[in-house]
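S.K.: Each residue of the sequence shown is one higher than the one before, counting from 0 in numbering that gives the first Met the number 0.
We put the beta carbon where it would ideally sit given N, CA and C, even for glycine.
Mind having a look at this structure? Questions to follow.
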Amino acid sequence: MCCRKKSLFSLVLIMTLLTLLLSGCSKREITQIDIIKQDHDFDLTPCRRADGEPFRIGFMDLGPPIESSYLCLKGFAEGMQSIGYIDSSVNLQKAPEDFFEFYDFLINSDLGDYIEFEPEPYMIDVEGNEEIGKLIKEKAESGELDVIVATGTDPGLFLKSLDLPIPFLVCLATDPVASGIIRSAEDTGDEDIWALVEPNPYGRQFEGYQSMLDIKKICFVFIDEYDLIAGNSEYRKKAEELNVDYDEITFSEEETYAPDFDDKLLQALKDHDMSGCDAVLFAYGTMNDENAPEISKYLASIGVPSLISDGDSISKNGGMMCLSCFDYESYGEYASMVVSNIFHGKKAGDQPCTFNSSPHIVMNLSCAEETGFDITFSLLNSVDRLYR
Numbered sequence: 000m001c002c003r004k005k006s007l008f009s010l011v012l013i014m015t016l017l018t019l020l021l022s023g024c025s026k027r028e029i030t031q032i033d034i035i036k037q038d039h040d041f042d043l044t045p046c047r048r049a050d051g052e053p054f055r056i057g058f059m060d061l062g063p064p065i066e067s068s069y070l071c072l073k074g075f076a077e078g079m080q081s082i083g084y085i086d087s088s089v090n091l092q093k094a095p096e097d098f099f100e101f102y103d104f105l106i107n108s109d110l111g112d113y114i115e116f117e118p119e120p121y122m123i124d125v126e127g128n129e130e131i132g133k134l135i136k137e138k139a140e141s142g143e144l145d146v147i148v149a150t151g152t153d154p155g156l157f158l159k160s161l162d163l164p165i166p167f168l169v170c171l172a173t174d175p176v177a178s179g180i181i182r183s184a185e186d187t188g189d190e191d192i193w194a195l196v197e198p199n200p201y202g203r204q205f206e207g208y209q210s211m212l213d214i215k216k217i218c219f220v221f222i223d224e225y226d227l228i229a230g231n232s233e234y235r236k237k238a239e240e241l242n243v244d245y246d247e248i249t250f251s252e253e254e255t256y257a258p259d260f261d262d263k264l265l266q267a268l269k270d271h272d273m274s275g276c277d278a279v280l281f282a283y284g285t286m287n288d289e290n291a292p293e294i295s296k297y298l299a300s301i302g303v304p305s306l307i308s309d310g311d312s313i314s315k316n317g318g319m320m321c322l323s324c325f326d327y328e329s330y331g332e333y334a335s336m337v338v339s340n341i342f343h344g345k346k347a348g349d350q351p352c353t354f355n356s357s358p359h360i361v362m363n364l365s366c367a368e369e370t371g372f373d374i375t376f377s378l379l380n381s382v383d384r385l386y387r
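Set out below in structure tokens:
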């Protein structure tokens, strides 16, 4: 009996290690990754401030908010409710699927006795945020604000520059270490700062794409200044490691602001030599919800798959496939557990930062069929969401 238990334990250990070492998208592998992904103690019991008042939470984003911001906010609220900070009578499933409308839903609901949100989310711009910074600092110093949850690199850097007396969390910064928000995943460098670190998401994503499509040559579409937040260098490095030939179509950030950017992007694709190209991968800031239908239709007409770097909704609107290594709702849920620890007196900077998302696949079936992509039963079984 003892030997049988030891053999069973060895088998489970081997299978777990193989799951971690081998890349893949099956639901069984995803489940096993989820089981071991967190190794930390969280105090998941609701509590109030020492004075008996509810904790006040601020939420910050770089305007205008995009799909990922909404999903993170949604995940955070659902996480706070599962812990007990938001009353179970609040039906979050009936909340609108839009960032501002979802936030208004929270504000206009009776959340209970433990937490409340600022009347409005803090939306910063690329520049000119002095008034917002002044307001946040005044509220933090007067005790009117207890913690801030931010989404994105710019909000994280902005909050860090304020030198606040309260903790803040950063959930959607692509690389909070390289950008300087935190010192490392093991040591944030400030007891009041926490940032979620997703290890090499773009490299893992590209490896998945290459495995599924057997890519030998690919065209990357990049925004030059977005190297840090869009993973341009990670894509190049992984392509070289996998011996995948690549060329690039690159735009400047300024060009993306022009009203004719979508037309220029489409024309650049038409002018580019696509011979031998197995796919085009659109990095952050290039294909979007608005230009996805026309761009993906053109690529489908010449038999080239359109792959999305980030944004399930872009695939919904036309892009052939999005293999995402970003689980935004889970980011929010994880942040809710970190916030609970903070409310119980633990330091934000002492909380674990590393988070490995379970990959998921979104596919636009109509685009795949028009492209002539070989849709196997095995692939369909791995797809998490299918659009027509």
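Compute the beta-carbon to beta-carbon distance between glutamate 117 and arginine 55, rounded to the nearest angstrom, for a pair I have assumed lies under 8 Å.
M.R.: With a Cβ gap of about 7 Å, glutamate 117 and arginine 55 count as contacting.
S.K.: By alpha-carbon positions, which one of Pro63, Tyr102 and Cys46 ends up nearest to glycine 83?
M.R.: Out of Pro63, Tyr102 and Cys46, Cys46 has the C-alpha closest to the C-alpha of glycine 83.
S.K.: Cutting at 7 Å between CB atoms, please list the residues of its own chain near leucine 110, excluding the five before and the five after it.
M.R.: Once the five neighbours on either side are set aside, the close Cβ partners of leucine 110 are Ile85, Asp86 and Val89.
S.K.: Which complete beta strand (DSSP E) runs does the stretch 97-138 hold, if anything under 3 residues is left out?
M.R.: Those beta strand (DSSP E) runs which fall completely within the stretch 97-138 and span 3+ residues are 114-116 and 121-123.
S.K.: Could you give the distance in angstroms between the alpha-carbon of aspartate 318 and the alpha-carbon of tyrosine 113?
M.R.: Position check: residue 318 holds glycine in this sequence, whereas aspartate was assumed. The alpha-carbon atoms of glycine 318 and tyrosine 113 are separated by roughly 42 Å.
S.K.: With distances taken from CA atoms, which of Lys263, Ser81 and Ser232 is nearest aspartate 174?
M.R.: Cα-wise, what sits closest to aspartate 174 is Ser232.
S.K.: Let's test the definition: count the other Cβ atoms within 10 Å of the Cβ of glutamate 332 and tell me whether it reaches 16, buried, or not, exposed.
M.R.: Buried, since its Cβ has 16 or more Cβ neighbours within 10 Å.
S.K.: Classify aspartate 50: buried if its beta carbon has 16 or more other beta carbons within 10 angstroms, exposed otherwise.
M.R.: With fewer than 16 Cβ atoms within 10 Å of its Cβ, aspartate 50 is classed as exposed.
S.K.: Please work out which residues of its chain come closer than 6 Å, Cβ to Cβ, to cysteine 218, disregarding the five sequence neighbours upstream and downstream, and give them in chain order.
M.R.: Result list for cysteine 218: Asp246, Cys276 and Val279, in chain order.
S.K.: Quick test of the definition: if touching needs 3 or more C-beta pairs under 8 Å, does the stretch 339-354 touch the stretch 377-385?
M.R.: Cβ pair count under 8 Å is below three, so no.
S.K.: Cβ atoms of alanine 149 and phenylalanine 75: under 9 Å apart, would you say?
M.R.: Cβ atoms of phenylalanine 75 and alanine 149: not closer than 9 Å.
S.K.: Inspect the CB distances between the stretch 299-314 and the stretch 241-255 and report whether three or more fall short of 8 Å.
M.R.: Segments in contact, no.
S.K.: Please go through the same chain and pick out, in chain order, the residues whose beta-carbon is closer than 6 Å to the beta-carbon of serine 335, but skip the five residues on each side of it.
M.R.: Around serine 335: Phe75, Gly78 and Met79.
S.K.: Could you check where the alpha helix (DSSP H) with aspartate 311 kicks off and where it finishes?
M.R.: Segment 311-315, the alpha helix (DSSP H) holding aspartate 311.
S.K.: Between the stretch 357-364 and the stretch 319-329, can you find at least three pairs of beta-carbon atoms closer than 8 Å?
M.R.: Flag = yes, the stretch 319-329 and the stretch 357-364 touch.
S.K.: Reducing DSSP to helix, strand and coil, say where glutamine 37 ends up.
M.R.: Its pLDDT being 44, under 50, glutamine 37 is placed unreliably by the model, and nothing is read from it.
S.K.: Compare the beta carbon distance of threonine 187 and glycine 348 with 9 Å and say whether it is the shorter of the two.
M.R.: A contact, by the Cβ cut-off of 9 Å.
S.K.: Using the Cα positions of valine 125 and proline 166, report the straight-line distance between them to the nearest angstrom.
M.R.: Going from the Cα of valine 125 to the Cα of proline 166 covers about 23 Å.
S.K.: Is glycine 127 buried or exposed, if buried means 16 or more other CB atoms sit within 10 Å of its CB?
M.R.: Exposed, by the Cβ-count rule.
S.K.: Alpha carbons only, please: which of Leu91, Met122, Met362 and Tyr69 is nearest the one belonging to aspartate 97?
M.R.: Cα-wise, what sits closest to aspartate 97 is Tyr69.
S.K.: Return helix, strand or coil for serine 323, following the three-state DSSP convention.
M.R.: Residue state, collapsed to three classes: strand.
S.K.: Which first and last residues belong to the alpha helix (DSSP H) in which leucine 379 is found?
M.R.: Taken as a continuous stretch (DSSP letters only), the alpha helix (DSSP H) holding leucine 379 covers 376-381.
S.K.: Taking all protein chains shown into account, do 16 or more other C-beta atoms lie within 10 angstroms of the C-beta of serine 25, making it buried, or fewer, making it exposed?
M.R.: With a pLDDT of 33 at serine 25, under the threshold of 50, the predicted position of this residue should be treated as unreliable, though the coordinate-derived value follows. Looking at its Cβ environment, which holds fewer than 16 other Cβ atoms inside 10 Å, serine 25 is exposed.
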